[in-house]
Amino acid sequence: MDEAGACDMRFELYRDAKGEWRWRLRARNGEVIADSGEGYVRREDCEHGIALVRQSAEARIEDMTTKIA
129 MDEAGACDMR FELYRDAKGE WRWRLRARNG EVIADSGEGY VRREDCEHGI ALVRQSAEAR
189 IEDMTTKIA
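This note's numbering applies: residue 129 is where the sequence shown begins, and numbers increase by one.
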């Protein structure tokens, strides 16, 4: 967070080459650290995807390297 309490990361909404809505999350340094992984026909659905990511901030971390194949 910056001095004003605002988050240094940002979500960006955009349209891809097919005209579908997508989102990406940029870190403070400008690097993309997450994206929607799929295109959405409706902007509202894309915004819902962002909301789901925001709500998952408290999701547990699961170490997949300890899983037995």
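Yeah, the Cβ is synthetic: ideal placement off N, Cα and C, and Gly gets one too.
Only a predicted model underlies this, so the values are computations on that prediction, with no experimental measurement involved.
| Check | Outcome |
| --- | --- |
| For Asp163: DSSP bridge partner residues | Arg152 |
| At least three beta-carbon pairs within less than 8 Å, the stretch 170–177 to the stretch 135–153 | yes |
| Delimiting residues of the alpha helix (DSSP H) encompassing Glu172 | 171–183 |
| Collapsed DSSP secondary structure at Glu190 in the structure displayed | coil |
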